Amino acid sequence: MRRLIPVLFLLLAWSLPARGMDYERIKQAYQLSYQFERRGEYARAREALLPVYENFPRGYTVNLRLGWLFYLEGHYRNAIRHYRIAAAVAPQAVEPLLGLSLPYLAQKNWTRVEALMYQVLKRDFYNYYGNLRLAIALRQEGKYAQAEAVCRKMLALYPTDTSFLTELALDLYQQGKRRRALEIFRNILILDPTNPVASKYVSP
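Numbering of the sequence shown is given in UniProt numbering, commencing with residue 1 and proceeding in unit increments.
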């Protein structure tokens, strides 16, 4: 069993020596950042972490969080930069790769999303979000049969998962298997009566 990497190590990894940042100050900075995020004040949530970032510019957790906050603000270039730093600090982690996919999803850069999710699946073959985002990217690229295979793999584990069922139905529909797709859409509406995609395809 692999040993867990302590959070503090990830915070300090690849960083210059701290200049007066003790545990309490770090904790307070994060708590303040979370408070601002809950209020939707993403810029202030970032600013709360500036002392931590200045002391630990290569810290894993601070770059992961800055990537997330920049993504929420729609500043995708900055989000990508911070997620890449986090990925370099923890090269076996899937967490920063999943984070990195978010700005690319928002930009509809399906080729990048596909490549990133294959990296995730090399490390964690059944990763839920890795497979779901791969299925979405493949469908958007018109690779419907490949996307279908991903969905079927995951539905063997999660037979009632409406996200994968929706993706599967869309893949089948695009391949001309419309009767089967509509059957799945109808079943989705049993599991999730307000599902917007299924509702669009199934007439009242």
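By construction, the Cβ of each residue, glycine as well, lies at the ideal position given by its N, Cα and C atoms. Because the structure is a prediction, the values reported are computed rather than measured.
- Per DSSP, M154 is one residue of the alpha helix (DSSP H) stretching across 144-155.
- Of the residues assessed, P103 falls on the buried side of the cut-off, its CB having 16 or more other CB atoms within 10 angstroms.
- In this model, G74 and L98 are separated by some 17 Å (Cα to Cα).
- Going by C-alpha positions, K200 is about 13 Å away from E183.
- Between the C-alpha atoms of Q146 and F164 there is a straight-line separation of about 13 Å.
- Taking a C-beta distance under 7 Å as the contact criterion, Y60 and V94 do not qualify as a contact pair.
- Counting along the chain, R123 sits inside the alpha helix (DSSP H) bounded by residues 110-123.
- The beta carbon of Q119 sits closer than 6 Å to those of L97, all from its chain and outside the five residues before and after it, given in chain order.
- Excluding five sequence positions before and after Y76, the CB atoms of its chain that fall closer than 7 Å to its own CB belong to P103, A106, Q107, given in chain order.
- The Cβ atoms of T166 and V202 do not sit closer than 7 Å to each other.
- Taking 8 Å as the upper bound for CB-CB distance, A135 and V150 are in contact here, some 4 Å apart.
- One alpha carbon belongs to R44, the other to R58, and they sit about 21 Å apart.
- At the C-beta level, V52 and I26 come within 7 Å of one another.
- Where G130 is concerned, the enclosing alpha helix (DSSP H) starts and stops at 128-140.
- Straight through space, the alpha carbons of S101 and G142 are spaced by roughly 19 Å.
- R46 and A86 have their C-alpha atoms roughly 16 Å apart.
- The C-beta of R65 has 16 or more other C-beta atoms within 10 Å across all chains shown, which makes the residue buried.
- Residue state for R39 is assigned as coil, using DSSP reduced to three classes.
- Contact between Y30 and L69 is ruled out by a C-beta separation of about 12 Å, above the 8 Å threshold.
- Out of G176, L32, G40, Y144, the CA that lies nearest to the CA of Y71 is found in G40.
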